[in-house]
Amino acid sequence: MGFVPDLPVLFAAVVAFCVVVYVLADGFDFGVGVLFLLAPRDEDRDRMMASIEPVWDGNETWLVMGGTLLLATFPAGYYVLLPAFYLPIMAMLFAIIFRGIAFGFRLQTEEFRWVWDLAFAGGSLLATLCQGMILGGLINGVDMRDGLFAGGSFACFSVLGLACGVGLVGGYALLGAGWLIWKTDGSTQVFAREAAHSALILTAVMMLAVSAWSACSVPEVAERWFSWPNIAWLAPVPVLPAAALLTIRRRLWTGRETDTFLLAILVFLLGFAGLVVSLWPYVVPRQVTVWDGAADPKTLAFVGLGLFVIIPIVLAYQAHAYWVFRGKVGPSAGYTGLSGGGT
């Protein structure tokens, strides 16, 4: 008999892939927004926004794709998780809208530029905190009764969610600072290196705090991590992010310009691996497994055919965009070193 793939697990991996790519891609431009008002000069803010303007809207493709895939492949998860996190999801979407408007209007005004600065920075910060609330709610678990969400509208707001939000602010700021170190020079790059040091500390502290709080407040998480022999097998998972953060600190001023950004990506990937360890195999934490919540095989096969076409196209056009705008942002807030002299 030939190998028969486990379709629910396969599609859970695809949904996870879309979420990871979204977090990494939109994470660094959220991070630029979080750092935006901390920049010392308006010229630095011009460069910061210009560095992400060609790619930010393409990054959010993965948010749409992840949500659509969840609906199509795990409908049970979708109709439970959406009402469970309705408030932070809606707040996040409105924050993203305000960020997008700021891109269009900020450079068109002088007198009210501060309004769009606030919209861009505030939208980035609010969206990041909302994502942290969703993450904390997933770790805490979702109440269900008779196959439906049974909690209140504010059940997703928790101390753990707030801690996750603050941790994401630090993590996204670290990603954003790494991006700016890579894509800018001069005073903007110096600011990014200084900001990366503070973001690094906040990220490390909050990763430790969230891990400890999760283990103390959610027995299932503690059982997953600290029972024998799991503790022996999983020991490298928290050690490797710590090593990556220490490496960022050592190379922040002396390493290659890409080191901070790439190592920050590694920290996020390792953090996501820890989240998978804590939540697997549930699509609705500790309520609905990926096998119980998956759509029927025919639906999964149909969606799979579409993904076989769509994902390579999305990856190709995003790779092309990053390649075209591969240079640094110059003093005039335009990209330098582009083939054909583009700005």
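Just so we're aligned: the sequence shown equals residues 6 to 348 in the working numbering.
Idealized CB from N, CA, C, for every residue including glycine.
| query | result |
| --- | --- |
| L167 to L134 span [Cα, whole Å] | 7 Å |
| Same chain, Cβ closer than 6 Å to A169, neighbours up to 5 away in sequence not counted | What sits at residue 169 in the sequence shown is Cys, not Ala. Closer than 6 Å at the Cβ level, and outside the excluded window around C169, lie G137, L140, G141 and V215. |
| Identity of the residue in S283, L15, G38 and Y327 nearest L173 by Cα | G38 |
| Anticipated Cβ contact below 8 Å, L86 with V147, distance rounded | 7 Å |
| Proximity winner among V295, V334, V329 and P59, relative to F79 (alpha-carbon distances) | V295 |
| Closest by C-alpha distance to G82, when choosing among L257, P286, V226 and Q194 | P286 |
| Assumed close pair Y27, L68 - CB separation to whole angstroms, cut-off 8 Å | 5 Å |
| For A306 and G7, the rounded distance between their alpha carbons | Residue placement at G7 is flagged as unreliable, the pLDDT there being 45, under the threshold of 50; the coordinate-derived value follows with that caveat. Their backbone Cα atoms lie some 18 Å apart in a straight line. |
| Nearest residue (CA-CA) to A96, options A132, R111, W61 and R255 | A132 |
| Beta carbon of M54 nearer than 8 Å to that of A44 | no |
| Contact the segment 247 to 262 vs the segment 196 to 208: 3+ CB pairs below 8 Å | yes |
| Straight-line Cα distance separating V334 from A299 | 45 Å |
| Same chain, Cβ closer than 6 Å to A124, five either side skipped, listed in chain order | F103 and A107 |
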